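Written out below as structure tokens is the structure these notes cover.
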Amino acid sequence: MSKTYKIAAIPGDGIGNEVVPAGLRVLEAAAKRHGFALKVQSFDWSCERFARTGRMMPEDGLDQLKSFDSIYLGAVGYPGVPDHVSLWGLLIPIRRGFRQYINLRPIKLLAGIETPLKNRRPGEIDFYVVRENNEGEYSEIGGRLYAGTEMEMAMQQAIFTRTGCDRVMRYAFELARTRKKHVTSATKSNGIIHSMPFWDERFAAIGKEYSDIKADQYHIDILTAHFVRHPDWFDVVVGSNLFGDILSDLGPAVVGSIGIAPGGNINPERDLPSMFEPVHGSAPDIAGRGVANPIGQIWSGAMMLDHLGEHAAADAIERAIERVLASGGPRTPDLGGNAGTEDLTRAILDAVG
Ligand SMILES: NC(=O)c1ccc[n+]([C@@H]2O[C@H](COP(=O)([O-])OP(=O)(O)OC[C@H]3O[C@@H](n4cnc5c(N)ncnc54)[C@H](O)[C@@H]3O)[C@@H](O)[C@H]2O)c1
95 MSKTYKIAAI PGDGIGNEVV PAGLRVLEAA AKRHGFALKV QSFDWSCERF ARTGRMMPED
155 GLDQLKSFDS IYLGAVGYPG VPDHVSLWGL LIPIRRGFRQ YINLRPIKLL AGIETPLKNR
215 RPGEIDFYVV RENNEGEYSE IGGRLYAGTE MEMAMQQAIF TRTGCDRVMR YAFELARTRK
275 KHVTSATKSN GIIHSMPFWD ERFAAIGKEY SDIKADQYHI DILTAHFVRH PDWFDVVVGS
335 NLFGDILSDL GPAVVGSIGI APGGNINPER DLPSMFEPVH GSAPDIAGRG VANPIGQIWS
395 GAMMLDHLGE HAAADAIERA IERVLASGGP RTPDLGGNAG TEDLTRAILD AVG
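For any residue, its number in this note's numbering is found by taking its place in the sequence shown, counting from 1, and adding 94.
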């Protein structure tokens, strides 16, 4: 009996509706080839649904998702619905409710992709950003006073717990142990004088548990410069929710295109489903034109299969993406070509076999 995984697909908004079906086709092909099955159920949770019902997802949304092995998300957000509504109405409740406290994003320069950096070759840039995904600067604690008056003020609390810092840092060190054995921490303890020195203290304490791993840290401002000037320095970079968010968009930008960058929201304990989604958003500017690059979504699917334990299938998809790009296969406009989503998807499907 082959194994069957239950997947909840949430295409969301904009190009999510174009790249999720593309990703699912590639996942199905890899599953067939590698002797397992996927049982996919689609959910229409989106800004369109918000406009219709006043909610991005039903009240019992998390209960509906709980029994799935994994969640495969496109992107949410569309003009007309404020971005904080779409984010806090769907993405953040899932990330927090399912304790997906790791946001994992590989940054890899692939052959056939032109990087905006001069003289960088494939293989030279290959690292992970591990972003804290449940607390930090993205908290709903705060409020406004004297709204609409000259005295108006807004206050937002950042939350850093010992548990929250330690677990994301341990994940980063464990990941580095399987790679080049180097963890870099993003900090700003010169300017943010309570939470960031605490973050540094916890990084030093956890680092002591991993004497075989090199640990260093940079303030976020110079770290962004090093991402551009010395991306070859890094192996695993760990950051708070906000710093990790910024670094994990900058990373894909230095290796060519946000359209190819994958990501995972991971529950390392595996007691609740993890969720895989590309780094890019719903791209309303190109939605409906059939030109979105499906690679970020497809690669996120490979990360999902890897998390489910289907390593050979995950590897086959990654190799297929690399082969299509390296051999001058179809390119969508963001990669300088004029192919459509369908052309690139079909080429990857052929390469998966
Ligand atoms: N995780 C998510 O669901 C998520 C992430 C980021 C942004 N968003 C939402 O998406 C909406 C648009 O946000 P944005 O414009 O800042 O970011 P975006 O990633 O949607 O788009 C940025 C630029 O990159 C291009 N782009 C993105 N993905 C592409 C792809 N696969 N192929 C080709 N080009 C691609 C777009 O055309 C656009 O020019 C907003 O509502 C935002 O809140 C959602």
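The C-beta atom is built at its ideal place from N, Cα and C for all residues, glycine as well.
Bear in mind the structure is a predicted one, so any value in this text is a computation, not a measurement.
First and last residue of the uninterrupted alpha helix (DSSP H) at residue i
| i | result |
| --- | --- |
| Pro187 | 186–191 |
| Met397 | 389–401 |
| Ala145 | 141–147 |
| Thr435 | 435–446 |
| Ala125 | 110–128 |
| Gln158 | 155–159 |
| Asp339 | 335–348 |
Contact belief for residue i with residue j at Cβ below 8 Å, rounded distance in angstroms
| i | j | result |
| --- | --- | --- |
| Val262 | Ile354 | With a Cβ gap of about 25 Å, Val262 and Ile354 do not count as contacting. |
| Ile201 | Tyr222 | 7 Å |
heavy atom of ligand 1 below 7 Å from residue i C-beta
| i | result |
| --- | --- |
| Pro378 | yes |
| Gly375 | yes |
| Ile109 | yes |
| Val113 | yes |
| Gly353 | yes |
| Ser394 | no |
| Thr278 | no |
Segment limits, beta strand (DSSP E) that includes residue i
| i | result |
| --- | --- |
| Gly237 | 236–239 |
| Tyr265 | No beta strand (DSSP E) contains Tyr265, which is instead part of the alpha helix (DSSP H) from 256–271. |
| Glu371 | 368–372 |
| Glu416 | Here Glu416 belongs to no beta strand (DSSP E); instead the alpha helix (DSSP H) covers 405–420. |
| Thr98 | 97–106 |
Proximity winner among the options, relative to residue i (alpha-carbon distances)
| i | options | result |
| --- | --- | --- |
| Glu122 | Tyr222, Ser140, Ile109, Ile101 | Ile101 |
| Ser334 | Ser233, Ile165, Tyr99 | Ser233 |
| Ser96 | Gly129, Ser305, Pro105 | Gly129 |
| Glu229 | Lys212, Trp293, Ser376, Pro200 | Trp293 |
| Pro325 | Glu218, Gly183, Arg127, Ile392 | Glu218 |
| Leu341 | Tyr312, Glu363, Asn361, Pro362 | Tyr312 |
| Trp393 | Gly106, Phe137, Glu112, Val120 | Val120 |
| Gln391 | Leu159, Asp107, Leu167, Arg143 | Leu167 |
| Gly350 | Pro367, Val170, Lys212, Leu402 | Lys212 |
| Thr255 | Glu226, His276, Lys282 | Glu226 |
| Glu412 | Gly395, His401, Ser180 | Gly395 |
| Ile186 | Gly447, Val332, Gly384, Asn359 | Asn359 |
Beta-carbon contacts of residue i that lie in its chain and below 7 Å, excluding the five residues immediately before and after
| i | result |
| --- | --- |
| Phe337 | Ala280, Ile314 |
| Ala205 | Pro216, Glu416, Leu419, Ala420 |
| Ala445 | Ala414, Arg417, Val418 |
| Gly108 | Ala169, Tyr172, Ser376, Ala377, Pro378, Ala381 |
| Glu404 | His128, Phe130 |
Neighbourhood of residue i by C-beta, 6 Å cutoff - its chain only, sequence neighbours within 5 removed
| i | result |
| --- | --- |
| Thr98 | Ala131, Lys133 |
| Arg238 | Ala248 |
| Pro453 | Because residue 453 is not part of the residues shown, which for the chain are 95 to 447, the question remains open. |
Distance cut-off 7 Å: residue i Cβ against heavy atoms of ligand 2
| i | result |
| --- | --- |
| Val418 | What this structure holds is ligand 1, not ligand 2. |
Chain-order list of residues whose beta-carbon lies under 8 Å from that of residue i (same chain, five-residue window excluded)
| i | result |
| --- | --- |
| Val373 | Arg199, Ser342, Asp343, Pro346, Ile352, Ala355, Pro356, Gly357, Gly390 |
| Arg296 | Arg256, Cys259, Asp260, Met263 |
| Lys275 | Asp306, Ile307, Lys308, Asp329 |
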